[in-house]
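The C-terminal position of the sequence shown is numbered 75 in the working numbering, with every residue numbered one higher than the one before it.
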Amino acid sequence: MIKEKVTVGLKNGLEARQAALFVQIASKFESHIAVVVDEKNVNAKSIMGMMSLGTIKGAAIELVVDGEDEQAALEALNKFLTTEEIGE
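(1) Whole angstroms are fine: how far does the CA of Val29 sit from the CA of Met37?
(2) Quick check for students: name the residue ranges of the beta strand (DSSP E) that lie wholly in the stretch 19 to 46, counting only runs of 3 or more.
(3) Closer than 8 angstroms by C-beta to Val10: which residues in its own chain qualify, once you throw out the five before and the five after it? Chain order, please.
(4) Could you spell out where the beta strand (DSSP E) holding Val10 opens and where it closes?
(5) Which partner residues of Lys66 appear in the DSSP bridge assignment?
Listed below in structure tokens is the structure:
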């Protein structure tokens, strides 16, 4: 199990489109992936869970990844979250 704190760098935070892309990336991995924000813990593969967080740019979140491909999952999600803009 790996835990890592990440500061969201996405210009619009995790709004609907960004949350959907985040879930798509998370769903590519076998590992269990959770996102923790202020004591709220959600499944990173759940679009409703991710949108319920209301995460904005600059927010501190914790990624908790557990499984065989945990390192690759963590790296991919961290890269996505810390990118200011995603392709349109």
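Note that CB positions come from ideal geometry on N, CA and C, so glycine has one too.
Based on what the coordinates show:
(1) Using only the alpha carbons, I get a separation of about 7 angstroms.
(2) 19 to 24 and 27 to 30
(3) Ala31, Lys32, Ser33, Ile34 and Met37
(4) Val10 -> not in any beta strand (DSSP E); alpha helix (DSSP H) instead, spanning Ala3 to Ser14.
(5) Answer is none; Lys66 lacks a bridge partner.
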